[in-house]
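Everything on this sheet refers to the single structure shown next.
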Amino acid sequence: MPEKLLEEAENAAEKRKAQLEKEAPLEPRGVWMREGMKAYLCGTLGQQFDAWQRRLSALSAADAYFSQQIGLEAIEKKMDALEEEVKATLLASESLSPRRSPGYGNMPLSFSGEIIAKLNATKILGVSLTASGLMVPSKSVTAICEIKREEENG
Amino acid sequence: MGEFLFLDGAFGTMAQNAGLLPGEDPFEWNAKNPQGVEAIHKSYVEAGADVVLANTFGANPLKYRGKNNLSELVKAAIRTAKLSNAKRVAIDIGPSGRLLKPAGDLSFKEAFEAFSVTVKAGVEAGADLAFVETMGDTRELKAAILAVKENSNLPIYATVSLDENGKLLTGADVECVSVLLESLDVDAYGFNCGLGPDKMEEFVRFLRAFSSKRIIVKPNAGMPRMEGGRTVFSQGPEEFAKLVLRLVDAGASIVGGCCGTTPEHIKAVKNLLEGKTAEKKNFKRSECVVSSGTSVVKLKPYSALVIGERINPTGKKALKEAYKRGDTAYVLREAVKQIDDGAEILDINCGVPGIDESSTLEGVVESVQSVVSSPLQIDTANAEALGRALFIVNGKALVNSVNGKQESMDGVFPLVKRYGGTVVALCLDENGIPSTSQGRIDIARRILDEGAKYGLKKKDFVFDALTLAVSADPTAAVVTLETVKRLTEELGVNTVLGVSNVSFGLPNRPALNNAMYALAKRAGLSAAIANPSLIREEVSDLALDVLLGRDEGCQAWIDACSGGCETSQSLPPQSAGDAPTFETLMRAIEKGLLGDAKQVAAQLLLIGTEPLKIIGEGIVPALENVGLRFEKGEAFLPQLLMAADAAGAAFGEVRKSLKTVEGEASSEKRRAHPIVIATVKGDIHDIGKNIVRALLENYGFDVIDLGRDVEPEKIVETALSSGAFMIGLSALMTTTVGAMGETICLAKERGVKAKFCVGGAVLTQEYASSIGADYYAKDAMRTVRIAEELGDMS
């Protein structure tokens, strides 16, 4: 009995998430530029996604949670797409390392500000930092990819 | 027919050509290279520009990182621009570089103050004009414009930056921008940057339909592309000029250029427009409109749109309580629910004795606008509160209200002139409410005349014909309806009614309200202030008799209702299969089926089940089962939250039947003392906190949710005044967990006895202990357990 119940509960959750996915205002945008052997990337779901999420979370914790998942998946997908755009411009002898974001590994969180400035992302995408250094809109990502030459890889 | 006004072109592009280094702030050139700045301005004046924008685009204290005194640099910029001998020199006011609330953390006041610094310096140095440009958020646009209005008498030009879909970054469209700027009465407005002239054309045509002002265009020289590490733009002077000519045909008469344009571009435009005359005036909008940051609502006779009345504490104990405690969750829920129920505008009233109405109203306006995009009606009799709310509100709000008393008009009209707004005018004056429609019409005319002195026109008003209780005066509804009809037909104005007053003192009020709503709509009503979940167009013969004064003493109505006909609310449908039991309710909750849970709860009540038993034997055990499964790792967060939502919906049904005489939910809370929760200062990510709140509430705790980005002071004060036994703090990032420690420190200093429970993505037990927190909760369920433990001890 509980197993069937668990299954049905899971189905209900999946159904709700799928429904929200259809309603979500998903218009991810991004910019990137290459400078020497580095590519700088910034992507965002914009303010409207945040507004939608705030509205959902006023009434439902489950919806708030699902919208969070939907947002994270969508922004990751956008960043993947930006990476593909960079790859398409590389020479045959060059390759792209996976992207790294400020706040992970040894790259300080504050580096986000520099990437945003470099890409003029405040003007182009509306991405900026709060006084406490958080990136807004909340579903925004900055990242760096290293570009490698084949001879370096041996 | 008039003349064109020529603006200059890009400054940054020219400065780069003259040696500005990548990453160097052009604003610094006012000190470092004034000759360079002057040369650029001169080149534009020589090319034919009438107006130059001084080199102050980056002059904002929130953005400027240099070491010079910002005001001095602004003054130097204006003086330098004047050396160019341009006919007019404008202070150039660009965006602050920060996002305003609710998208970001910058408050409206901070933005206003920052812009004010630039404006004051510009005025002192003798600028002729204020040019607010490249704005991507209506709220920031308003802050900048008010900074000019409050600190100077300069004419104001304003332009926004559109994307290819004609939208701002916030999602606002051209109409929305237009409503705001017309309301703030700027001198000319339009678009700059973002697009080339080719892409701007359709939006200029669109704007022409709304704008009563001259239209400004300052497009980029086409689309940018990278060439050898530099940004270059696609359109040369001739091509650019040809395309700008099309913008002029579309209605623009103040023209210049933005990124990528040069003196050659401006010269080419001027040459091409030689001998042509500009269209002086555009279409004047005669519709009555209100707006928010992203949407516009039109008020039209016979449409009777609903203004949601639920955010008004009169007769609502729970809302009064929420205001007093600073609990935001209650208001946000009411706001979203009313919109879901069909309200198009929301009334906001914070009049509760013993609270600071001004700051409460300000806070509520801000938080409601963070969750819904509909325009608001600011409802207060307190002039200070009205002024402060109109100052910060995003968009053009309804102002509720002015009346025919001189004192009222003297107080309200200047505020509307300053901050914009559409006025709700009550047809009463020093002598009270006239008993005839003629008396009310006369007052309406006087209000219109007085408003005209402030530049307010018919379209800026909505007249309240006033609804009185038909139980006290059988002709009350007839006079009201007649007034609505005459205001609509004779005066050609929009009307509004608070319909529910009509049924005061009578049984089955919703049915009478609905009938009044239907009749008023037919008489011409533009808007009704009502509860959107109850109001609908529906007239019964008996109700008609009451409203038309044909039911003496309302006796037939009272008799018909004495048999217990209380509202005709539809009964919940019986499910085809099983009879409702606690078990079916539990299953619905455990499966996370919100609709089913609600329905079964309603059915249980219908067959006479005791409400408290439904909670104790259906809802709580079901949640407990899911909670246990979650803790054992059998169920996961989505299922737990779906169950919580379903339980919440079932609670909602049960609550309805627990209503007290006052019409408010009696408390089914399990414990006497509340829990205060907040996302700490500096942090605006509150999804986690909201999940915790929902779960705590479902477990019967009384939660005061202070929202996000909350000052330590406010958390401590609320904890003390509410007698909370627990304080929950949330922070997402390493940069904001510091504020947690500060809050705990302050609380200890002030002798707060409540225990602290902290959570958030980057927190650990170790860190929690190091900042003096009593508990660390790894997830929402753990918070519930901690609260239970503490609650049992207290």
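Same order as they appear, the protein sequences are chains C and E. Just so we're on the same page, our numbering is the position in the first sequence counted from 1, plus 246. Just so we're on the same page, our numbering is the position in the second sequence counted from 1, plus 1. Beta carbons are placed, not taken as given, at the ideal position from N, Cα and C, and that holds for glycine.
- Across the structure, I688(E) and A636(E) are spaced so that their CA atoms are roughly 20 Å apart.
- Secondary-structure assignment with DSSP links Q378(E) through a beta bridge to D348(E), L399(E).
- At a beta-carbon threshold of 8 Å, the residues of chain E lying near V382(C) are L100, A104, G105, D106, I685, ordered along the chain.
- Among the bridge pairs identified by DSSP, R395(C) is matched with E340(C).
- Counting C-beta pairs with one atom in each stretch, the stretch 442-452 of chain E and the stretch 381-393 of chain E have fewer than three that are closer than 8 Å, which means they do not touch.
- For the stretch 360-383 of chain C, the set of residues with a beta-carbon nearer than 7 Å to any beta-carbon of chain E comprises T368, G372, S374, T376, A377, S378, G379, L380, V382, P383, in chain order.
- Of the candidates R286(E), A159(E), E718(E), D465(E), E718(E) places its Cα closest to the Cα of G752(E).
- Within chain E, no residue has its CB atom less than 8 Å from the CB of E322(C), the nearest being about 17 Å off.
- DSSP, reduced to helix, strand and coil, places G422(E) outside both helices and strands of the structure shown, so it counts as coil.
- Proximity of chain C to V373(E) at the Cβ level (cut-off 8 Å) is accounted for by R301, in chain order.
- With the rule of 3 Cβ pairs closer than 8 Å, the stretch 283-294 of chain C counts as touching the stretch 380-389 of chain C.
- Boundaries of the alpha helix (DSSP H) harbouring N31(E): 30-33, taken from the DSSP string.
- Annotated as proximal: V480(E) and S438(E), with beta-carbon spacing under 8 Å.
- The beta carbon of T585(E) does not come within 8 Å of any beta carbon belonging to chain C, so the residue lies off that interface.
- Residue pairing by DSSP puts I255(E) in a beta bridge opposite L6(E), I217(E).
- Residue-level contact check: A648(E) does not touch chain C, since none of the beta carbons of chain C fall below 8 Å from its beta carbon.
- Using beta-carbon distances, G292(C) counts as an interface residue toward chain E, with a partner under 8 Å.
- The C-alpha of G351(C) is placed about 21 Å away from the C-alpha of W278(C).
- The beta carbon of L305(C) falls within 8 Å of a beta carbon belonging to chain E, placing the residue at that interface.
- Separation of A648(E) and L318(C) (C-alpha to C-alpha, rounded to the nearest whole angstrom) is 27 Å.
- Its chain contains A384 as the residues whose beta carbon lies nearer than 6 Å to that of G412(E), once the 5 sequence neighbours on both sides are disregarded; these appear in chain order.
- Contact annotation: A131(E) and L142(E) have beta-carbon atoms that are not nearer than 8 Å.
- Residue I94(E) holds the alpha-carbon nearest to the alpha-carbon of A115(E) among K102(E), A126(E), I94(E).
- Looking from the CA of V52(E), the closest CA among A40(E), A16(E), F7(E) belongs to F7(E).
- The beta carbon of K83(E) sits closer than 6 Å to those of V90, all from its chain and outside the five residues before and after it, given in chain order.
- Counting along the chain, the unbroken alpha helix (DSSP H) around G689(E) starts and ends at 688-699.
- The DSSP-derived three-state label of V277(C) is strand.
- Secondary structure at C260(E): coil, using DSSP grouped into helix, strand and coil.
- Residues of the stretch 307-319 of chain C whose Cβ lies closer than 9 Å to any Cβ of chain E, in chain order: A307, A308, D309, A310, Y311, F312, S313, Q314, Q315.
- One alpha carbon belongs to Y420(E), the other to K150(E), and they sit about 9 Å apart.
- For the C-beta of E256(C), the chain E residues within less than 7 Å are, from N- to C-terminus, Q640.
- Within the same chain, no residue comes within 7 Å of L305(C) by CB-CB distance, once the 5 residues on both sides are set aside.
- K200(E): member of the alpha helix (DSSP H) spanning 198-209, first to last residue.
- Assigned with DSSP and collapsed to three states, M734(E) falls in coil, not helix or strand.
- Under the 8 Å criterion on CB atoms, A264(C) is classed as non-interfacial with respect to chain E.
- Checking the DSSP bridge columns, you'll see A308(C) has no partner listed.
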